[in-house]
Each structure stands twice: as C-alpha cells, then as structure tokens.
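Just below is one structure, and these are the notes that go with it.
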DNA sequence: CATTTGACTTTGA
DNA sequence: TTCAAAGCCAAAT
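Residue numbers (my numbering): 564 to 666.
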C-alpha cells in the first residue's frame, strides 16, 4: 500500500490529453471521498522528476488553480486549450465535455 | 504531541 | 439567489 500522495499521482499522471479531472473525483478514485483538499495539497507538492499534468486537475467548477502555482491562470488555460480542452465564455472548463472518469 | 494550513466541497442563513 | 461558515483530513511546523 502506497502513500496517499503516491496514489494521487498515480491517477493524475493517467489523465488523458484533452481531459481534466476534479479534486473530488480523484479523492473518490483512491477511496477517500472526503479528502479533496488533500488531493489539492498533494498536487502542490509534486516531487520533481515526476511527469504529472497538474494543469489538468481543477476544482469542481472547472476553475484554474490559483495564479501563483503556474505563474498565471492564463498560462494554464492556454496549455489546456492547446490540448483540446473546451472552455466556457467565463474562462472555466466545460466539465460536461472534458471531465475524465478514472478507471 | 498539539496546532495550523490548504490547488476543496457542502450546507445553512 | 448569493454569501458565509463549517467540515474534512493528511502534512507541515
């Protein structure tokens, strides 16, 4: 049995290109539906040398991570857009179309 | 060992 | 409907 963070990373790095996932969904996928915050905490502490598409992990409203993580929210949005993620007019992700379900 | 913190979510006023 | 507050739980201090 691996560390909590490890499980988060295990799932996060499997997110397909052009898709996103919410913190709550990841938490549920690793059997800890009440630990959405911890998932976010884990994403902030991603170990170096690990290739994790953290920009594909968003909150349940499809909003970008706070600017201080990627430098700016616009940067994260650009990356996602270039990967094929659909955005709404207000700058949030269209979860209906791009939400990824772990399996 | 006790307290604080946070890339969250849900609920109640 | 909108806004504030509380719950949640692993890690860091």
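Every residue, glycine too, gets a C-beta built ideally from N, C-alpha and C.
Report yes if the CB atom of residue 632 is closer than 7 Å to the CB atom of residue 584, and no otherwise.
-> No, these two residues do not count as a Cβ contact at 7 Å.
Given that a residue counts as buried once 16 or more other Cβ atoms are within 10 Å of its Cβ, and exposed if not, what is residue 598?
-> Residue 598 is buried by the Cβ-count criterion.
Go through the segment 572-598 residue by residue and report every complete run of the alpha helix (DSSP H) that reaches 4 residues or more, in order.
-> Runs found: 586-592.
Residues near residue 685 by beta carbon distance below 7 Å, same chain, minus five either side | Residue numbering for the chain in the displayed model covers 564 to 666; residue 685 lies beyond these limits and cannot be assessed.
Rounded straight-line distance, which links the Cα of residue 578 to that of residue 614 | Going by the C-alpha atoms only, they are around 11 Å apart.
Run through DSSP, which three-state label would residue 662 get?
-> In the three-state scheme derived from DSSP, where H, G and I count as helix and E and B as strand, residue 662 is classed as strand.
As assigned by DSSP and simplified to three states, the class of residue 615 = Assignment of residue 615 by DSSP, reduced to helix, strand and coil, places it in the coil class.
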